[in-house]
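Protein chains in written order, with my numbering: chain A, 11 to 391; chain S, 128 to 360.
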């Protein structure tokens with residue numbers, strides 16, 4: 011503790027350099043934490059889904075619908091214990107700056123199949139089911155727009171143009187935040203009522219009695235519709251999620267390589283600045299040794315100084331990565347619901363900061379500790 | 128009684144492929160309470176002698192004893208601790224840490240002791256008082272004149288109350304007035320506080336203040352002058 015003023019004074023020696031070095035570390039660790047969170051979140055999203063749920067989509071492409079008549083035929087497939095369907099609606103509210111994805115769902119069957127994931131209070135569920143223009147809105151979206159249950163909200167349709175007015179009848183809580191707290195789930199019947207012939211289910215969701223039979227179920231369904239006008243592609247909900255994520259291309263690889271290379275480059279620059287800072291003070295180290303400072307004390311002082319820079323940068327960078335998504339409700343336009351920096355990322359970030367302080371502090375500290383005083387003094391005199 | 132005993136010291140440096148002998152069997156004693164000026168041309172081994180006494184360098188062979196302790200046989204760690212208690216070192220170019228105030232610079236050797244903050248502050252105040260800079264405690268080196276910087280360096284050298292003060296060209300960068308002030312201070316430390324002082328200098332006026340002047344040439348003690356009480360002042 012008594013050496014702290016000495017360490018502090020050294021940090022204040024080149025204030026601008028110290029601040030810039032800290033900011034470099036902060037930027038690098040902010041990027042690291044953010045990119046790692048995106049990668050982690052993509053992994054979580056691509057694995058999203060229950061083992062006992064399967065998704066049936068149009069084999070041509072996800073964007074093409076399937077006939078409504080498939081519902082009954084899917085329900086009769088062995089091991090299938092429940093069928094529901096949903097449609098991507100596409101819509102915006104107000105100025106449209108806030109992106110969210112409204113879904114038209116077959117209300118009763120959908121809430122039944124997802125009853126363990128979207129937990130809706132019974133009275134709200136009942137009110138929603140009773141009212142064709144009712145909607146269940148995620149807590150995040152309620153908070154963002156300042157909506158409350160009972161409010162009427164009007165959405166401008168983008169795929170299905172026009173004003174669509176809904177009454178908020180309920181909200182939900184989640185067991186797994188990856189399902190997202192910004193869902194906007196309304197009655198498929200309401201959509202069908204207005205669009206009639208233009209509308210049919212976008213995809214079907216099945217509940218099966220035995221996850222081990224998923225392969226057999228998928229083959230049975232796809233074989234059944236192979237020669238129909240709308241052949242199907244059936245898979246587990248997880249494979250559907252993973253397939254959805256691949257629509258973005260191999261973003262994980264992109265972030266994992268280019269992004270991390272940028273982070274690494276910034277860290278090298280910061281480490282170099284810290285090394286340079288120490289190298290300039292070889293003469294002073296010699297003076298301290300002459301006064302009687304041991305090699306060990308000098309080594310510790312240099313390491314502590316590097317650690318303060320790296321850890322301050324880490325706190326700023328990782329802290330910003332934690333706070334910013336919360337403050338801005340960031341969820342990558344709804345594609346990364348539950349976006350948050352995990353404890354694992356915080357730990358790895360802290361480890362990088364420690365490694366940085368060790369790397370940038372160790373070399374000059376070791377050199378300073380090893381350098382014979384007379385040799386160092388010659389530089390002074 | 129000798130505080131510093133240098134016995135049969137050989138010291139050589141390796142300069143590229145050649146070995147350069149600095150001393151080939153040097154023996155000198157420095158009495159306790161003495162004030163000695165080491166003079167001689169460049170390369171005569173004056174500063175090397177100072178470094179050997181301070182334990183900053185080691186003899187190739189031979190013995191360097193200070194206050195009965197064999198300096199040449201101590202480890203680096205032992206030397207650092209020993210130096211902080213026994214030696215005060217003053218450089219030609221002051222070598223104050225620019226980021227620390229005069230008070231903090233003087234406090235440095237005391238950080239290595241077990242003294243509490245209040246005791247350290249008291250001692251620093253005394254040391255700065257001795258060198259006449261009580262009113263410059265909060266000044267940074269850049270805010271001080273050369274002479275004042277050197278006096279702060281002397282305060283740093285005496286604050287831990289060492290037996291021996293070693294000075295390497297302490298007036299080399301000072302004007303005549305500042306040199307006089309520093310030399311007066313050294314004389315006072317020697318006479319009033321009974322500090323043993325060894326000063327390396329090219330300056331005849333500085334040497335005149337010493338009780339003994341040793342002339343070194345090519346690592347050999349060629350002349351010893353002992354000043355008569357007050358005659359050389």
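Glycine included, every Cβ here is placed at the ideal spot set by N, Cα and C.
- Residue contact check for residue 231 of chain S against chain A: a CB pair falls below 8 angstroms.
- Excluding sequence positions up to five before and after residue 246 of chain A, its CB lies within less than 6 angstroms of the CB of 64 and 224, all in the same chain and listed in chain order.
- In this structure residue 323 of chain S is buried. Its beta-carbon is surrounded by 16 or more other beta-carbon atoms within 10 angstroms.
- Secondary structure note for residue 166 of chain S: its beta strand (DSSP E) is the uninterrupted segment 162–166.
- The stretch 144–153 of chain S makes no contact with the stretch 197–216 of chain S: fewer than 3 CB pairs, one atom from each, lie closer than 8 angstroms.
- Out of S/187, S/338, S/273 and S/224, the CA that lies nearest to the CA of residue 299 of chain S is found in S/273.
- Residues of chain A with a Cβ closer than 8 angstroms to the Cβ of residue 208 of chain S are, in chain order, 302 and 304.
- Straight through space, the alpha carbons of residue 233 of chain A and residue 193 of chain A are spaced by roughly 33 angstroms.
- In the structure shown, residue 190 of chain S falls within a strand segment according to DSSP collapsed to helix, strand and coil.
- In the three-state DSSP reduction, residue 159 of chain A falls in the coil class, being neither helix nor strand.
- Contact check between the stretch 110–128 of chain A and the stretch 195–210 of chain A: three or more CB pairs, one atom from each, fall below 8 angstroms, which counts as touching.
- Contact annotation: residue 217 of chain S and residue 131 of chain S have beta-carbon atoms that are not nearer than 8 angstroms.
- By the Cβ rule, the stretch 141–150 of chain A counts as touching the stretch 183–191 of chain A, because three or more pairs are nearer than 8 angstroms.
- Rounded to whole angstroms, the separation of the alpha carbons of residue 236 of chain S and residue 287 of chain S is 6 angstroms.
- For residue 225 of chain S, the secondary structure class from DSSP, reduced to helix, strand or coil, is coil.
- Against chain A, the CB of residue 224 of chain S has a partner CB under 8 angstroms away; the residue lies at that interface.
- In this chain, the alpha helix (DSSP H) harbouring residue 119 of chain A covers 117–123.
- For residue 338 of chain S and residue 300 of chain A, the gap between their C-alpha atoms comes out near 26 angstroms.
- The beta carbons of residue 296 of chain A and residue 387 of chain A sit closer together than 8 angstroms.
- By the 16-neighbour rule on beta-carbons within 10 angstroms, residue 11 of chain A is exposed.
- In this structure the stretch 262–270 of chain A touches the stretch 38–51 of chain A; the number of beta carbon pairs closer than 8 angstroms is three or more.
- In the DSSP assignment, the residues bridged to residue 213 of chain A are A/96.
- At a Cβ-Cβ threshold of 8 angstroms, residue 209 of chain A and residue 216 of chain A do not count as neighbours.
- Counting only unbroken stretches of 3 or more residues, the beta strand (DSSP E) elements lying wholly within the stretch 14–92 of chain A are 63–68, in sequence order.
- Among the CB atoms of chain S, none fall inside 8 angstroms of the CB of residue 46 of chain A.
- Within the same chain, Cβ atoms closer than 6 angstroms to the Cβ of residue 176 of chain A are found at 143, 145, 163 and 196, the five residues on either side in sequence being excluded.
- Assignment of residue 323 of chain A by DSSP, reduced to helix, strand and coil, places it in the helix class.
- Considering only S/255, S/281, S/243 and S/241, the residue with the shortest C-alpha distance to residue 306 of chain S is S/281.
- For residue 216 of chain S, the neighbours in chain A by C-beta distance under 8 angstroms run, in chain order, 300 and 301.
- Residues are counted here when their Cβ sits less than 7 angstroms from a Cβ of chain A; for the stretch 233–248 of chain S these are 235, 236, 238 and 239, given in chain order.
- Under a criterion of Cβ atoms nearer than 7 angstroms, the residues of chain A adjacent to residue 184 of chain S are, in order, 384.
- At the C-beta level, residue 292 of chain A and residue 357 of chain A stay beyond 8 angstroms of one another.
- The C-beta of residue 283 of chain S has 16 or more other C-beta atoms within 10 Å across all chains shown, which makes the residue buried.
- Excluding five sequence positions before and after residue 27 of chain A, the CB atoms of its chain that fall closer than 7 angstroms to its own CB belong to 283 and 287, given in chain order.
- Of the other Cβ atoms in all chains shown, fewer than 16 fall within 10 Å of the Cβ of residue 365 of chain A; this residue is therefore exposed.
- For residue 211 of chain S, the nearest CB of chain A lies under 8 angstroms from its own CB, placing it at the interface with that chain.
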